[in-house]
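Numbering (this note's numbering), first residue to last: 5 to 74.
One structure below.
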């Protein structure tokens with residue numbers, strides 16, 4: 005069984021390739037190069053500024069003594 009053109013490109017198996025297969029390989033290489041360009045391009049990051057809101061009011065808890073039977 006003959007490997008696919010993509011497999012040939014990835015494994016550098018370039019022996020016994022006819023003209024049509026060579027064109028397919030060139031197309032695969034072009035597609036792979038295009039994907040590499042997309043993955044290496046910087047991503048746009050959204051930066052959201054945090055608002056300086058007032059601090060929440062601290063609630064002081066009241067401690068109560070437990071009944072002796074507990």
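Don't be surprised by glycine CBs; every beta carbon is placed ideally from N, CA and C.
Being a predicted model, the structure only gives us computed values, none of them experimental.
Just to confirm before moving on: does the CB-CB distance between residue i and residue j stay below 8 Å?
i          : j         : result
residue 32 : residue 7 : no
Let me know if residue i comes out buried or exposed under the rule of 16 or more other beta-carbons within 10 Å of its beta-carbon.
i          : result
residue 13 : buried
So the alpha helix (DSSP H) residue i belongs to, where does it begin and stop?
i          : result
residue 15 : 9-15
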